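Numbering (my numbering), first residue to last: 29 to 153.
We put the CB at the ideal spot given by N, CA and C, even for glycine.
The model shown is predicted, which means the values in this text are computed figures rather than measured ones.
The structure under discussion appears below in the form of C-alpha cells.
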C-alpha cells in the first residue's frame, strides 16, 4: 500500500502524471545544453550572402581547341550560334531548317509543339 504522507510533498509519485506543458518550457534542454538553450543561439545566426560569380569567358587557345575538335559542320554551326548569337542550348536544338533565312542572315526561335513523344523544347517565344 502506498501512503502519500510518506513522501516529501505529500503526493504519491505513482499518481503524479508528467506535465506536458513543462516539456515545452524554455529550460527543457538545460540538462543537455546548459545555459546555451536560454540564449537561443540558433535564432540569431545570420546567413551571409555570397555574391554569385559570373561565368568567365574561355581563353583563345581553349576556344580554338574546342572548335578544331568538332568533326561535323552541324556541330560547328550549333556551337557558333550559341557563342556568337547568344542562343541557349535548348533553342539551338529546337531549330528547323525553315527557321534559318540565309539571305536575311536571321534565325527565328519559335515555341515548338511538334516534338516527338517524350521530348520537350524550352523556348517560350
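{"Query": "Own chain, CB closer than 6 Å to residue 114, minus 5 neighbours either side, in chain order", "Result": "none"}
{"Query": "Residue 127 beta carbon less than 9 Å from that of residue 136", "Result": "yes"}
{"Query": "Where the alpha helix (DSSP H) containing residue 131 begins and where it ends", "Result": "From DSSP, residue 131 is part of no alpha helix (DSSP H); its letter is neither H nor E."}
{"Query": "Residue 95 vs residue 104 beta-carbon contact at 9 Å", "Result": "yes"}
{"Query": "Short Cβ contact (9 Å threshold) for residue 98 with residue 107", "Result": "yes"}
{"Query": "Cβ distance (whole Å) where residue 122 is taken to contact residue 102 below 8 Å", "Result": "Not really, about 14 Å apart at Cβ, beyond 8 Å."}
{"Query": "Residue 79 to residue 93 span [Cα, whole Å]", "Result": "31 Å"}
{"Query": "Residue range of the unbroken alpha helix (DSSP H) whose run includes residue 96", "Result": "88-96"}
{"Query": "Length of the line joining the Cα atoms of residue 81 and residue 120", "Result": "25 Å"}
{"Query": "First through last residue of the alpha helix (DSSP H) which encompasses residue 105", "Result": "101-113"}
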